[in-house]
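Note that the sequence shown covers residues 3 to 760 in our numbering.
Even glycine gets a Cβ: it sits at the ideal position worked out from N, Cα and C.
Please read all numbers here as calculations on a predicted model, not as lab measurements.
Presented below is the structure to which this report refers.
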Amino acid sequence: MKRLLITIFLIFNVLIILAAPIDTIRNHIPDGNLINHAGNFDWRVSRFDLRNPGILKNIIFTMDGSPGSFTLRTFGQEGGTAFPQIESDLMTPIVVEKINNGLEKVNVTIPEEVYLNNNQFFIVIENISEGTFIKFEINAKTPYCTSSNGGNYFYLYNRRGSDWFSSNRALAIDVLIERKTSDLIVPFLEDVTDTLDIIGGGNRLAIADYNNDGYDDILTSGRLLKNDFKNSRKFVDMTQELSLKGSPLANLFVDIDNDKDLDLLFLEVGDSSFIYLNNGQGIFEKKFIAGIPINSLNALNAVSISDVNNDGYLDLFVGQLWSNYPNALSKYLFINNKQNDFVDQSDILYADQNNLKNAPCRGSQFVDINNDGYSDLYVSNYVTTASKITSPRDELWLNNQNGSFTNVIHQTGIDTTIGPSFWNMSSGCQWGDYNNDGFMDLLASCLSHPRFMNGNNGEYTNPTTIYQNNYGVNHTIKFENKKDDHGIQYEETHGGVSWGDINNDGLLDFFISTYYGCRYNDIYIQKKDHTFELVTWESGVHEQRGDQDGLWFDFDNDGKLDLLTSGKLFKNNSENSGNYVFLQLESSNENLHAVGAKIIAFVGDQKITRELSIGHGQKMQTSYKLHFGIGLNQVIDSVRVIWPNKHKTTLYSKLFANNHYLLKDDGSIISSNENSNKTVVYPNPFKDKIIVNKNWGDNQPEFLLQNEVGQKIQIFKITKNGINYEIELDKGLAAGNYILKINHEGESQSFKLVRFEE
3 MKRLLITIFL
13 IFNVLIILAA
23 PIDTIRNHIP
33 DGNLINHAGN
43 FDWRVSRFDL
53 RNPGILKNII
63 FTMDGSPGSF
73 TLRTFGQEGG
83 TAFPQIESDL
93 MTPIVVEKIN
103 NGLEKVNVTI
113 PEEVYLNNNQ
123 FFIVIENISE
133 GTFIKFEINA
143 KTPYCTSSNG
153 GNYFYLYNRR
163 GSDWFSSNRA
173 LAIDVLIERK
183 TSDLIVPFLE
193 DVTDTLDIIG
203 GGNRLAIADY
213 NNDGYDDILT
223 SGRLLKNDFK
233 NSRKFVDMTQ
243 ELSLKGSPLA
253 NLFVDIDNDK
263 DLDLLFLEVG
273 DSSFIYLNNG
283 QGIFEKKFIA
293 GIPINSLNAL
303 NAVSISDVNN
313 DGYLDLFVGQ
323 LWSNYPNALS
333 KYLFINNKQN
343 DFVDQSDILY
353 ADQNNLKNAP
363 CRGSQFVDIN
373 NDGYSDLYVS
383 NYVTTASKIT
393 SPRDELWLNN
403 QNGSFTNVIH
413 QTGIDTTIGP
423 SFWNMSSGCQ
433 WGDYNNDGFM
443 DLLASCLSHP
453 RFMNGNNGEY
463 TNPTTIYQNN
473 YGVNHTIKFE
483 NKKDDHGIQY
493 EETHGGVSWG
503 DINNDGLLDF
513 FISTYYGCRY
523 NDIYIQKKDH
533 TFELVTWESG
543 VHEQRGDQDG
553 LWFDFDNDGK
563 LDLLTSGKLF
573 KNNSENSGNY
583 VFLQLESSNE
593 NLHAVGAKII
603 AFVGDQKITR
613 ELSIGHGQKM
623 QTSYKLHFGI
633 GLNQVIDSVR
643 VIWPNKHKTT
653 LYSKLFANNH
663 YLLKDDGSII
673 SSNENSNKTV
683 VYPNPFKDKI
693 IVNKNWGDNQ
703 PEFLLQNEVG
713 QKIQIFKITK
723 NGINYEIELD
733 KGLAAGNYIL
743 KINHEGESQS
753 FKLVRFEE
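Set out below in structure tokens:
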């Protein structure tokens, strides 16, 4: 391994002042009770908990003994483990020299840019000269974090050969980090759980507006929380009032009887499953489901809904883990019998494939991968070390458009075998069009142990990755593993994933949870080049744990997606996110909520695609209201809806920003926004025409356009067309920032606009 010898300068308790804000991170008490760290160790490893993201600038060692040298290495997150197991260098190792006898502080200036932005990092000392010592604190230190399955996170680890030794002491090392924050628009997430009276767990979540008041409600572990934000700014537990009883392993909002009212599906453990039928007046009638055998779902872990046989009624797929590890219980496909019950027709999938039927399941989702209007099915299988020889890969069932399916996973490039016997330990899944090409891509989370990352005994495992759907390029079902391009950091115990455009820029971002104690959730923001940047710290949820999964929804109808995970609700308080539109669908006959439909919004030069999919990952259901972030745009130029199983497409034009719309399959549009008569100004950026949309009646407002220094800009012509006012400007107007002021009957509004370069 290449070493870099650099010049070291000495300091004696002198504060180093740099231009940018500097944080000092240390695990020891400065100038405390220190002694020499002795012992025949190959490595001395100091683990640091990162409090702020930033650039590593200096490392200061308190040393003693004779002149000598050692090799300095730095490691980053290392998959979240308590001591380094990947051993991935963040910079070229440095040979550090101690020049003088006795106590001194040796300051190493880092010659490369090393950016730290996860939960921890490591300073490694190897090849230290005999008689040269790093000081360490004699007083014992409590581990930063302890857990039964994640271990204890000490501050000092020593290695001799292949053996590791933890220590309850800390090396006398100071680390100087120059603060750095993301230049992306990052939402600040505030924990409002207690303020809103959120009650319940977090590993079986469903979101929908069950009472049609315009606000999404929560179903969690059998408890129905009505969103009363409009009135009391609280969630109200309706469970007892509505006589809802049960302990479901999964619960969903689903219109099982096709009457347009959302019913409550409870999939029980150790008892009969049942449906609470919604009569549309806020009253629910309990009905047992005879078609799902008692005790058949004792290890239920995934549930997804779609109309798989094109009869207009929604069917049910469930996947399970194990009662006795690692032997999983069966998966099932239950078909809706149109009489508020189901019939077991699992043989549609698993007639001759028992190894698939009984593979441990960590997630599922219906998704249309080839845009043919029919829902396909993806199943994430968790291959364990105990079952790696016999357990199959994930499943991707292609809908043959006749009620049958074919598993095509082997031809897709998803979950490929990269070792002789070890495949993915898939832990979740969600599909979304992350690169805005009109085809759904897979965000595949994986639990991936470090010992297999480097091919231990010829065995490998895949980390969390994105599989990009290239059907639009080659018209075959092929996916590209973006593992070397996406920017997602390796984490050993990734759990569930959830897509959402959380800064309203038209690009999907995501939340990802973790298993094990002392492991923490992450939030990634997508950049314009379709790579991702970790922004957990900037988002305000640093060191939050999230159980198995989580999801995004807008509980307060402010257009910004909020995060629900592990029984906690985090409000998105971003002040500079973009504009938005929410779209909901209504079909005129059967499958009235249009589950499986695809919506394509054309906004400026973007094509943003969403698909209405019910049930993803590990028992998660997102809202029936589909969210579109549209950046600075004030209008969606057009929307195309591909309705499920009908080969019918409907086109809608001119949907204005910051509104909620209901789209019907007869082409009609209903605005359900409380402030639908807002002033809308578009396009932005503009060229030589600005359009203002607002119903002012017969009294036309006054329009004034100014540049950024307040100079008045000539308006050549204003044409009224319905409730639109078209403002024509000089085609030679300079590019730059402008302000449009609108005055109407004593009320004034101002809008910031940009004219783009030709």
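The DSSP-derived three-state label of R453 is helix. Bridge partners of Y436 according to DSSP: none are assigned. Scanning its chain for C-beta atoms nearer than 7 Å, with the 5 sequence neighbours on each side dropped, one finds around D343 the residues I291, A292, G293, in chain order. In the three-state DSSP reduction, G569 falls in the coil class, being neither helix nor strand.
Beyond the five residues adjoining it in sequence on each side, S274 comes within less than 6 Å, by CB distance, of F290, I296 in the same chain, given in chain order.
By the criterion of a C-beta distance shorter than 6 Å, G669 is surrounded in its chain by T652, once the five residues flanking it on both sides are discounted. DSSP, read as helix, strand or coil, puts E540 in helix.
Bridge partners of V310 according to DSSP: none are assigned. For the pair N326 and T495, the Cα-to-Cα distance works out to about 21 Å.
Here the C-alpha atom of N437 lies approximately 29 Å from the C-alpha atom of N739.
N120 carries a coil assignment under DSSP once its states are collapsed to helix, strand and coil. For N338, the three-state secondary structure derived from DSSP is strand. In this structure, the CA atom of I490 is about 36 Å from the CA atom of N647. V475: member of the alpha helix (DSSP H) spanning 473-476, first to last residue. Cβ-Cβ distances below 7 Å link I416 to D396, L398, L444, Y469, F481 in the same chain, with the five nearest sequence neighbours on each side left out; the list follows chain order.
DSSP links P250 through a beta bridge to E270.
Note on T83: 16 or more other CB atoms within 10 angstroms of its CB, so buried under the neighbour-count rule. In this model, K137 and P23 are separated by some 27 Å (Cα to Cα). Note on geometry: alpha-carbon atoms of I61 and V47 lie some 14 Å from one another. Between Q341 and I277, the alpha-carbon positions lie close to 12 Å from each other.
By the 16-neighbour rule on beta-carbons within 10 angstroms, I101 is exposed.
When DSSP states are grouped into helix, strand and coil, D66 belongs to the strand group.
Within the segment 641-692, the complete beta strand (DSSP E) runs of at least 3 residues fall at 650-658, 661-666, 671-673, 682-684.
Secondary structure of Q413 (DSSP, three-state): helix.
Nearest neighbour of D732 by Cα position, chosen from N523, I741, K719, H629, turns out to be K719. Here the alpha carbon of R547 sits roughly 19 Å from the alpha carbon of P465. Measuring C-alpha to C-alpha distances from V597 to each of F255, Y117, N280, L158 identifies F255 as the nearest. Annotation for S382: R364, G365, D396, S428, C431 place their beta carbon closer than 6 Å to its own, counting only its chain and skipping 5 residues before and after. Taking every protein chain shown into account, the CB of G152 has 16 or more other CB atoms within 10 angstroms, so this residue is buried.
Straight-line measurement puts the Cα of L665 at about 26 Å from the Cα of E728. Between the segment 365-377 and the segment 626-646 there are three or more C-beta pairs closer than 8 Å, enough to call the two in contact. Residue environment for I31: exposed (fewer than 16 other C-beta atoms within 10 angstroms of its C-beta). Residue pairing by DSSP puts D165 in a beta bridge opposite R162. Per the C-alpha coordinates, the member of Q586, S541, D551 positioned closest to E577 is S541. The continuous alpha helix (DSSP H) containing I350 extends over residues 349-352.
DSSP links W45 through a beta bridge to E128, R161.
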